[in-house]
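Enquirer: First residue of the sequence shown: 22, per my numbering; consecutive thereafter.
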Amino acid sequence: MSGTIIDVAAPAEDAPEREETPRAEGARRLYAVVWRWHFYAGLLTAPLMWVVTLTGALYAFRTEIVEWRDRPWLVVEPGPQRKGLDELIEVAKKAGGSDELEGMALRPEPDRSVRFMVEGTGTGGHDGGPPHVDVYVNPYTGDVLGTRTEGTDVFDVVLALHRNLMYGSTGRALVELTTAWGLILLATGVYLWWPRGKTNVGVWTPRLKGKLYAVLRDWHSVPGFYLAALIGIVTATGLVFSLVMGSTFNWSVQKIGHWPPAWMAPPKAAPAPPGASAAPLDVVAANFLKEARPGEVVAFRPAAKPELNHRAWISEDDDKNRMRAVTADRWTGEVISSVAPADLPFMYRVRLWSVSTHVGKIFGLTTEILACVASLAMFALSATGVWMWWERRPRNRTGFPRRPEPKSLPRWGWLIVVVGGVLLPVAGASMVLVVLLDALAYPLRKRWA
């Protein structure tokens with residue numbers, strides 16, 4: 022978020038020499054250290070940052086785009102009577118070329134189709150197994166409206182790029198590294214922007230004309246400051262389900278007893294009454310739909326074992342923060358429990374809140390727009406940073422910042438680095454690696470300077 026690719030320690034030409042106070046010298050040295058880390062982090066993470074931010078911006082509006090694109094599959098003309106679920110399931114299995122039903126998604130509105138998820142063939146699934154096949158069926162006529170195999174939707178590709186660059190666990194680690202350094206770039210950028218008593222143009226408002234580099238610097242730093250909090254929230258919440266930090270967070274939540282069995286574990290069924298048989302799926306589904314409000318989706322998989330009750334997840338726009346886990350009795354079909362996020366332990370609620378915040382689902386379209394703005398702003402900050410370097414670099418030279426003077430970072434600065442490295446372990450490991458490489462490369466740079 023900061024400004025210049027020059028030696029920040031160099032005095033202005035023809036300026037009268039003044040004795041530098043220890044405090045001023047310390048501030049100058051610290052600025053040089055922060056600037057150097059900000060520069061290298063911004064430059065090295067730029068390619069991955071662009072992929073992650075642009076895919077994030079696009080994915081924020083997935084719901085609206087899919088609703089418009091798939092309308093012929095989603096909306097039907099209501100008829101006098103719906104066909105039974107057992108019949109519709111067989112239609113979906115046949116259309117998907119499968120004998121295995123994975124679940125179904127129903128809506129309370131009468132003009133909505135039913136989406137069935139069946140197990141496909143091959144190894145195209147996100148976990149390396151068979152892919153899911155979505156089959157959209159008209160519940161009144163039994164007609165198949167459309168099918169889509171997992172991995173073939175453009176948003177499957179967008180999400181895979183955003184999560185792991187389509188490169189498995191290695192890609193997830195790289196995305197986490199980029200995300201963590203994004204937070205560090207925001208923090209160091211705010212430090213470098215800090216006015217320090219200045220009130221001129223380029224501090225609080227960006228200039229619109231002048232030298233290209235100066236304009237780029239202003240539009241890099243000033244909007245970056247104003248949007249830092251928003252970008253930071255969207256970025257930090259993404260780390261909650263990352264490879265290393267996300268796994269550590271989940272482990273911590275489990276260890277302190279905040280991983281809720283009532284939310285995660287399959288609900289056990291009571292012993293069958295004498296002569297009883299399982300309630301028909303149509304009865305179970307109808308009772309689940311009574312729990313849903315307009316606009317919500319009931320995601321339901323019939324219990325696979327006789328000792329289990331039926332479980333459905335009810336949510337609107339896949340908002341985990343408002344999702345409810347509803348259980349229906351296997352024998353009567355009646356709803357016997359409904360667990361909402363408010364009923365869950367605090368730290369698990371933080372996890373759900375983080376997921377919904379990251380994808381902009383907390384307050385619907387408003388927060389989707391904010392999530393998109395945050396993603397595009399981070400892309401713009403990264404792009405203008407690289408542009409500034411390219412514009413400012415001397416001819417036939419890299420224009421990289423000079424190595425700071427020894428002992429430029431005070432003890433409290435080292436403390437911040439250590440704490441940050443612990444909180445962001447992937448970034449912390451990369452810091453150690455960069456310091457070692459810098460120490461090894463310094464003699465070579467002096468030789469070739």
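Backbone N, C-alpha and C fix where the C-beta goes; we use that ideal spot for every residue, glycine too.
If we ignore side chains and look at the alpha-carbon of each, how far apart do P292 and V72 end up?
Expert: Sequence index remark: in the sequence shown, residue 292 carries index 271 (1-based). Sequence index remark: in the sequence shown, residue 72 carries index 51 (1-based). Their Cα atoms are separated by approximately 53 Å.
Enquirer: DSSP beta-bridge partners for E46?
Expert: Indexing the sequence shown from 1 puts residue 46 at position 25. Paired residue(s): none; E46 is not in a bridge.
Enquirer: What are the complete alpha helix (DSSP H) segments, minimum 4 residues, inside the segment 56 to 107?
Expert: Complete alpha helix (DSSP H) runs here, min 4: 83 to 90, 92 to 95.
Enquirer: Contact between the segment 353 to 365 and the segment 392 to 401: three or more CB pairs below 8 Å?
Expert: Contact between the segment 353 to 365 and the segment 392 to 401 is absent, because fewer than three Cβ pairs lie under 8 Å.
Enquirer: Could you work out which residue in L251, D132, P129, F137 is closest to S119 when comparing CA atoms only?
Expert: Against the sequence shown, residue 119 aligns to sequence position 98. Looking at the Cα atoms, F137 is the closest of the given residues.
Enquirer: State the start and end residues of the unbroken beta strand (DSSP E) segment that holds W433.
Expert: On the sequence shown, position 412 is the one that residue 433 refers to. Counting along the chain, W433 falls outside any beta strand (DSSP E), though it belongs to the alpha helix (DSSP H) covering 432 to 444.
Enquirer: What residue range is occupied by the uninterrupted alpha helix (DSSP H) comprising S190?
Expert: On the sequence shown, position 169 is the one that residue 190 refers to. Per DSSP, S190 belongs to the alpha helix (DSSP H) from 189 to 214.
Enquirer: Quick one, which of W433, D339, K289, Q275 has its alpha-carbon nearest L365's?
Expert: Position 344 of the sequence shown holds residue 365. It is Q275 whose Cα lies nearest to the Cα of L365.
Enquirer: Enumerate, from N- to C-terminal direction, the unbroken alpha helix (DSSP H) stretches of 4 or more residues contained entirely within the segment 234 to 289.
Expert: With a minimum length of 4 residues, the continuous alpha helix (DSSP H) runs that stay inside the segment 234 to 289 are 265 to 276, 282 to 285.
Enquirer: Does DSSP put T405 in a helix, a strand or coil?
Expert: Taking the sequence shown and counting its residues from 1, the one referred to as residue 405 is at position 384. T405: helix per DSSP, three-state reduction.
Enquirer: Can you find the residues in the same chain that come closer than 8 Å, C-beta to C-beta, to V236, ignoring five residues on each side of it along the sequence?
Expert: Locating residue 236 in the sequence shown gives position 215, counting from the first residue. Closer than 8 Å at Cβ, skipping near neighbours: P227, R228, L229, K230.
Enquirer: Between which two residues does the beta strand (DSSP E) holding D364 run?
Expert: Within the sequence shown, numbered from 1, the residue matching residue 364 stands at position 343. No beta strand (DSSP E) holds D364; DSSP gives it neither H nor E.
Enquirer: Taking all protein chains shown into account, decide if W433 is buried (16 or more other Cβ within 10 angstroms of its Cβ) or exposed.
Expert: To locate residue 433, count along the sequence shown from 1; it is residue 412. Exposed: under 16 other Cβ atoms inside 10 Å.
Enquirer: Count the CB pairs spanning the segment 277 to 291 and the segment 85 to 95 that are closer than 8 Å, and state whether there are at least three.
Expert: These segments do not touch.
Enquirer: How close, in whole Å, do the beta carbons of T170 and P152 come, if the pair is a contact with beta carbons under 8 Å?
Expert: For the purposes of this step, residue 170 is identified with residue 149 of the sequence shown, where counting begins at 1. For the purposes of this step, residue 152 is identified with residue 131 of the sequence shown, where counting begins at 1. The pair is a contact, with the Cβ atoms about 5 Å apart (cut-off 8 Å).
Enquirer: Can you tell me the Cα-Cα spacing of P244 and T209, whole angstroms?
Expert: By one-based count along the sequence shown, residue 244 stands at place 223. By one-based count along the sequence shown, residue 209 stands at place 188. Those two C-alpha atoms are separated by around 15 Å.
Enquirer: Should G259 be labelled buried (16 or more other beta-carbon atoms within 10 Å of its own) or exposed?
Expert: Locating residue 259 in the sequence shown gives position 238, counting from the first residue. With 16 or more Cβ atoms within 10 Å of its Cβ, G259 is classed as buried.
Enquirer: In terms of residue numbering, what span does the beta strand (DSSP E) encompassing S333 cover?
Expert: On the sequence shown, position 312 is the one that residue 333 refers to. According to the sequence as given, residue 333 is Ala; it is not Ser. Segment 331 to 336, the beta strand (DSSP E) holding A333.
Enquirer: Have a look at E121, V439, R44, V175 and flag the residue whose alpha-carbon is nearest the alpha-carbon of V87.
Expert: As a first step, residue 87 must be located in the sequence shown, where it is residue number 66. Closest by alpha carbon: V175.
Enquirer: In whole angstroms, give me the CA-to-CA distance for F384 and R314.
Expert: Taking the first residue of the sequence shown as position 1, residue 384 is located at position 363. Taking the first residue of the sequence shown as position 1, residue 314 is located at position 293. Looking at the two C-alpha atoms, the distance is approximately 16 Å.
Enquirer: Can you list, in chain order, the residues of its chain with a C-beta nearer than 8 Å to that of A36? Leave out the 5 residues immediately preceding and following it.
Expert: Working through the sequence shown from its first residue, we reach residue 36 at position 15. In this predicted model, A36 has a pLDDT of only 44, less than 50, meaning its place in the structure is not dependable; the value taken from the coordinates is given anyway. Contacts found: none.
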